[in-house]
């Protein structure tokens, strides 16, 4: 069972936004989600171009979505949740500010690459920022986990280390001129992020459903879980990841992806409760997991139906990176600032619906009417931007203020 501890009364930072990792990284990550998608929209529509021969614009977009946006949200979550799991204080105040500063330096560097000239200088700043951010984040998590000997968390720790290596592969590709390394770095990053999402989701989604539905019910709600499903999910996902990156054999990819979809579909059925649709902070998590299951169905049939591999990739990214992170941020931002998770801002339904529209426009519509591909992508980009603008309006004031109960967090 996931353990939730009350925040302690340790003195807060001078700025509330530096109290715990979720605050600064959720704000920074959501701002960056808007900026980087606007830049990508300009590139995609031909209104701007990357003046560089060393980086494919598609790889630039993928890198910043994964190692920029997704890693910011993962870092914010872990630099908060590990304190709950271990009881060890995580970086706050200026120490947290340094970690965030490295992340910001990398994002400035990548945004400037090809747009401001002097490519080598900006890439040097980016690699210093990314490595500083990822290594310091991993160090903080590893130190806390080892201090209390919570070795069950080493799965997440190992993924953080591998994500750092994946990012280093991207940089090595640029400086060596070997584009194939960049592809490996991107897909390794995507599937490691999905591994973290599946691992954390397995822990928190059923817990949140049980807590959320038991709160206003006379009967305690219990959902089904299975260690057998956990093992099958992990094993089949690992096979799929290795096959898709290193050995793209159609039968192996199809079978492993189908098993991942089936196992997590069965898991999702065990979690289902009809009343989740009354609670946006629950249905959004459920829909995110459902979207990931559908993504693996697409991976399973793609070699045989001959639609673009990128459609399945974007399905996985929009459900696992997009919807799951927005849903988690919306909940964590309330719970860790002392606000009720049972009365979220009235805008949350619209926030989540916009991300669903992004999924429909980027994944479903190109399968239905490919001739309007450019239109669908622009609509998906617009829905993504609108989603994070609305999230910012709703949650940035919450993240910037001290807890109302005066406690640290």
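In the working numbering, the protein residues as written are 2 to 410. Every residue, glycine too, gets a C-beta built ideally from N, C-alpha and C.
> Going by alpha carbons, who is nearest to residue 298 out of 349, 282, 247 and 241?
Replying inline: Here residue 298 corresponds to residue number 297 of the chain shown, with the count starting at 1. Selected option, being the one with the closest Cα: 241.
> What's the C-alpha gap between residue 17 and residue 33?
Replying inline: Position 16 of the chain shown, counted from the first residue, corresponds to residue 17. Position 32 of the chain shown, counted from the first residue, corresponds to residue 33. Going by the C-alpha atoms only, they are around 20 Å apart.
> Hey, how far is the Cα of residue 348 from the Cα of residue 338?
Replying inline: By 1-based counting over the chain shown, the position of residue 348 is 347. By 1-based counting over the chain shown, the position of residue 338 is 337. For residue 348 and residue 338, the distance between alpha carbons rounds to 18 Å.
> Between residue 19 and the rest of its own chain, which residues show a CB-CB distance below 7 Å, the 5 nearest in sequence each way excluded?
Replying inline: As a working note, residue 19 is residue 18 in the chain shown. For residue 19, where only same-chain residues beyond five positions count, the Cβ hits under 7 Å are 25, 93, 94, 97 and 98.
> Quick one: is residue 172 buried, meaning 16 or more other Cβ sit within 10 Å of its Cβ, or exposed?
Replying inline: On the chain shown, position 171 is the one that residue 172 refers to. So residue 172 counts as buried.
> How about residue 198 and residue 357: do their beta carbons lie closer than 9 Å?
Replying inline: Taking the chain shown and counting its residues from 1, the one referred to as residue 198 is at position 197. Taking the chain shown and counting its residues from 1, the one referred to as residue 357 is at position 356. In this structure, residue 357 does not lie closer than 9 Å to residue 198 by Cβ.
> Could you give the residue range of the alpha helix (DSSP H) that holds residue 272?
Replying inline: Locating residue 272 in the chain shown gives position 271, where the first residue counts as 1. It spans 251 to 272 - the alpha helix (DSSP H) in which residue 272 sits, taken as one unbroken run.
> In the structure shown, what three-state DSSP assignment does residue 396 receive?
Replying inline: For the purposes of this step, residue 396 is taken as the residue at position 395 of the chain shown. If DSSP states are grouped into helix, strand and coil, residue 396 belongs with the helices.
>> For the alpha helix (DSSP H) containing residue 359, name the first residue and the last one.
In response: Looking up residue 359 in the chain shown gives position 358. First-last of the alpha helix (DSSP H) with residue 359: 349 to 360.
> alpha helix (DSSP H) containing residue 216: first to last residue?
Replying inline: Along the chain shown, read from residue 1 onward, the residue named residue 216 stands at position 215. Taken as a continuous stretch (DSSP letters only), residue 216 belongs to no alpha helix (DSSP H), as it is neither H nor E.
>> By the DSSP assignment, the alpha helix (DSSP H) with residue 121 in it spans what residues?
In response: In the chain shown, the residue the question calls residue 121 occupies position 120. Counting along the chain, the alpha helix (DSSP H) containing residue 121 begins and ends at 120 to 148.
>> Can you tell me whether residue 391 is helix, strand or coil according to DSSP?
In response: For the purposes of this step, residue 391 is taken as residue 390 along the chain shown, with counting starting at 1. If DSSP states are grouped into helix, strand and coil, residue 391 belongs with the helices.
> Can the beta-carbon of residue 194 be found closer than 9 Å to that of residue 141?
Replying inline: As a position in the chain shown, residue 194 is number 193, starting the count at 1. As a position in the chain shown, residue 141 is number 140, starting the count at 1. Their beta carbons are not under 9 Å apart, which means residue 194 does not touch residue 141 by this criterion.
> Looking at C-alpha atoms only, which residue of 256, 60, 40 and 57 is the closest neighbour of residue 305?
Replying inline: As a position in the chain shown, residue 305 is number 304, starting the count at 1. The shortest C-alpha separation from residue 305 is found at 256.
> From what residue to what residue does the alpha helix (DSSP H) around residue 332 run?
Replying inline: Along the chain shown, read from residue 1 onward, the residue named residue 332 stands at position 331. That run of the alpha helix (DSSP H) goes 325 to 336.
> What separation, rounded to the nearest whole angstrom, lies between the Cα atoms of residue 360 and residue 312?
Replying inline: Numbered from its first residue, the chain shown carries residue 360 at position 359. Numbered from its first residue, the chain shown carries residue 312 at position 311. Rounded to whole angstroms, residue 360 to residue 312 spans 10 Å at the Cα level.
> In angstroms, rounded to a whole number, what distance separates the CA positions of residue 270 and residue 201?
Replying inline: As a position in the chain shown, residue 270 is number 269, starting the count at 1. As a position in the chain shown, residue 201 is number 200, starting the count at 1. Answer to the nearest angstrom: the Cα atoms are 18 Å apart.
> Short check: CB of residue 210 to CB of residue 286, under 9 Å?
Replying inline: Sequence index remark: in the chain shown, residue 210 carries index 209 (1-based). Sequence index remark: in the chain shown, residue 286 carries index 285 (1-based). Yes, they are a contact pair.
>> For residue 394 and residue 177, I'd like the C-alpha separation in whole angstroms.
In response: Numbered from 1 along the chain shown, position 393 holds the residue referred to as residue 394. Numbered from 1 along the chain shown, position 176 holds the residue referred to as residue 177. Approximately 43 Å, taken between the alpha carbons.
> Are the Cβ atoms of residue 64 and residue 186 separated by less than 9 Å?
Replying inline: The residue labelled residue 64 in the question sits at position 63 within the chain shown. The residue labelled residue 186 in the question sits at position 185 within the chain shown. Yes, the Cβ-Cβ distance between residue 64 and residue 186 is below 9 Å.
> residue 28 lies in the alpha helix (DSSP H); which residues open and close that run?
Replying inline: Taking the chain shown and counting its residues from 1, one reaches residue 28 at position 27. Looking at the DSSP string, the run of the alpha helix (DSSP H) that includes residue 28 is 22 to 45.
> What is the rounded straight-line gap between the Cα of residue 28 and the Cα of residue 396?
Replying inline: Locating residue 28 in the chain shown gives position 27, counting from the first residue. Locating residue 396 in the chain shown gives position 395, counting from the first residue. So the alpha carbons of these two residues sit roughly 8 Å apart.
> Which whole-angstrom value describes the C-beta separation of residue 315 and residue 363, a residue pair presumed to lie in contact below a C-beta threshold of 8 Å?
Replying inline: Residue numbering aside, residue 315 sits at position 314 when the chain shown is read from its first letter. Residue numbering aside, residue 363 sits at position 362 when the chain shown is read from its first letter. At roughly 5 Å, the Cβ-Cβ gap stays under 8 Å, so residue 315 and residue 363 are in contact.
>> With H, G and I counted as helix, E and B as strand and the rest as coil, what does DSSP make of residue 239?
In response: Here the question's residue 239 lines up with position 238 in the chain shown. Three-state DSSP puts residue 239 in a helix.
> Which class does residue 224 belong to by DSSP, given the choice of helix, strand or coil?
Replying inline: Within the chain shown, the letter at position 223 stands for residue 224. Coil at residue 224, not helix or strand.
> With DSSP run on the structure shown, which of helix, strand or coil describes residue 366?
Replying inline: Position 365 of the chain shown, counted from the start, is the residue given in the question as residue 366. If DSSP states are grouped into helix, strand and coil, residue 366 belongs with the helices.
> For residue 137, which residues of its own chain have a beta-carbon under 6 Å away from its beta-carbon, when the five flanking residues on both sides are left out?
Replying inline: As a working note, residue 137 is residue 136 in the chain shown. These residues qualify, in order along the chain: 100.
> For the ligand NAP, is there a heavy atom less than 8 Å away from the beta-carbon of residue 211?
Replying inline: The ligand NAP is not among the ligands present in this structure, which contains no ligands whatsoever.
>> Do residue 254 and residue 262 count as a contact pair if the criterion is CB distance below 9 Å?
In response: Counted from its first residue, the chain shown places residue 262 at position 261. Counted from its first residue, the chain shown places residue 254 at position 253. Their beta carbons are not under 9 Å apart, which means residue 262 does not touch residue 254 by this criterion.
>> Just verifying my parser: in three-state terms, what is the DSSP assignment at residue 183?
In response: Looking up residue 183 in the chain shown gives position 182. Residue 183 falls in the helix class under three-state DSSP.
>> DSSP three-state label for residue 408, please.
In response: Against the chain shown, residue 408 aligns to sequence position 407. Three-state result, residue 408: coil.
>> Could you check whether residue 70 and residue 168 sit closer than 9 Å to each other, using their CB atoms as the reference points?
In response: Here the question's residue 168 lines up with position 167 in the chain shown. Here the question's residue 70 lines up with position 69 in the chain shown. No, Cβ-Cβ distance for residue 168 and residue 70 is not below 9 Å.
> Going by beta carbon distance, what residues of the same chain come within less than 6 Å of residue 41, once the five residues before and after it are set aside?
Replying inline: Along the chain shown, read from residue 1 onward, the residue named residue 41 stands at position 40. Counting only Cβ-Cβ distances below 6 Å, and skipping sequence neighbours, we find 62.
>> Tell me the rounded alpha-carbon separation between residue 182 and residue 166.
In response: Within the chain shown, numbered from 1, the residue matching residue 182 stands at position 181. Within the chain shown, numbered from 1, the residue matching residue 166 stands at position 165. C-alpha separation (whole angstroms): 11 Å.
> Can you tell me the Cα-Cα spacing of residue 38 and residue 266, whole angstroms?
Replying inline: Reading the chain shown from its first residue, position 37 is the one you call residue 38. Reading the chain shown from its first residue, position 265 is the one you call residue 266. Those two C-alpha atoms are separated by around 31 Å.
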